[in-house]
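Student: Next up is a structure, given as structure tokens.
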């Protein structure tokens, strides 16, 4: 697989693994097959351009999806790429994940998701919620039929948090994971309370208080 298309360095500067590296760290060597790699964001708004995006493009619409093997057993796996518009969920981004969940259901194999997303893509307006809705619908349909494992490997908000909460097993990482409906700035502006994202939804919060997390790790390794 050609890695030049992925902005590895941008993620490395934050001392984090890139989405594709996270997938490679999970699946058996040389087994990952990416699907729908040519998908980009929807074009809407004036002159066919999404509002505020100008001529920018979203490679694979910010989420890498595919299938591979773990210890010789087939799995479907995706990883949201925070280097592409903060991993935000656009219509096609959400649909890609929804279609992967459907594939996992048909194949009766586990789904592994690596969430690293700021939530809905504001540039696409209400259309972004179409993709989010489909994603959450198939998360629900898969419940009790196939195991769903979600690793929250970055700042997660909105749809990426709902998806994790609908899964069977949630993994969080100290000082890396945040899971919240909204960010600390909204809390500051609305409630005039000074909190951090870790205070709102860090690994400690979800491992020891909310009960959302099932496994807690000290690092990505």
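In our numbering, the protein residues as written are 1 to 221.
Ideal placement from N, C-alpha and C gives every residue a C-beta, glycine not left out.
Using CA coordinates, which residue listed in 112, 36, 105 is at the minimum distance from residue 25?
Tutor: Here the closest residue by C-alpha is 112.
Student: Note down, in chain order, each residue of its chain lying with its Cβ closer than 7 angstroms to the Cβ of residue 10, except the 5 sequence neighbours on either side.
Tutor: So the list reads 83, once near-sequence residues are dropped.
Student: Starting from residue 19, follow the alpha helix (DSSP H) in both directions and report where the run begins and ends.
Tutor: Its alpha helix (DSSP H) spans residues 19-26.
Student: Might you give, ordered along the chain, the residues of its own chain that have their beta carbon closer than 7 angstroms to the beta carbon of residue 129, omitting 5 neighbours on each side?
Tutor: Hits under 7 angstroms: 120.
Student: Using alpha carbons as the reference points, say which of 137, 201, 185 lies closest to residue 194.
Tutor: Minimum Cα distance to residue 194 is reached at 185.
Student: I'd like the list of long-range same chain contacts for residue 100, defined as Cβ closer than 6 angstroms, with 5 residues on each side in sequence excluded.
Tutor: So the list reads 65, 76, 78, once near-sequence residues are dropped.
Student: Determine the burial state of residue 181: buried for a count of at least 16 other Cβ atoms within 10 Å of its Cβ, exposed for fewer.
Tutor: Exposed, because fewer than 16 other Cβ atoms sit within 10 Å of the Cβ of residue 181.
Student: From residue 19 to residue 96, what does the alpha carbon distance come to, in whole angstroms?
Tutor: When rounded, the distance between both Cα atoms is 15 angstroms.
Student: Is it the case that the Cβ atoms of residue 61 and residue 93 are separated by a distance below 8 angstroms?
Tutor: Cβ distance < 8 angstroms, so residue 61 and residue 93 count as in contact.
Student: Taking residue 38 as the reference, which of 58, 215, 199 has the closest Cα?
Tutor: The option with the nearest alpha carbon to residue 38 is 58.
Student: Taking the alpha carbon of residue 150 as the point to measure from, which residue in 3, 15, 114 has its own alpha carbon closest?
Tutor: Answer by Cα proximity: 114.
Student: Could you give the residue range of the beta strand (DSSP E) that holds residue 152?
Tutor: Looking at the DSSP string, the run of the beta strand (DSSP E) that includes residue 152 is 148-152.
Student: Can you tell me where the beta strand (DSSP E) with residue 80 in it begins and where it stops?
Tutor: First-last of the beta strand (DSSP E) with residue 80: 73-80.
Student: Assign residue 213 to one of three DSSP states: helix, strand, or coil.
Tutor: The answer is coil: DSSP assigns residue 213 none of H, G, I, E or B.
Student: Residue range of the alpha helix (DSSP H) that residue 114 falls in?
Tutor: It is not in any alpha helix (DSSP H) - residue 114 instead sits in the beta strand (DSSP E) that spans 111-115.
Student: Mind listing, in chain order, the continuous beta strand (DSSP E) runs of no fewer than 3 residues lying wholly within the stretch 161-195?
Tutor: Taking only runs of at least 3 residues, the beta strand (DSSP E) segments lying wholly in the stretch 161-195 are 169-173, 178-180.
Student: For residue 8, which residues from the same chain have a beta carbon less than 6 angstroms from its beta carbon, with the 5 sequence-adjacent residues on both sides left out?
Tutor: Excluding residues within five positions, the ones whose Cβ falls inside 6 angstroms are 18.
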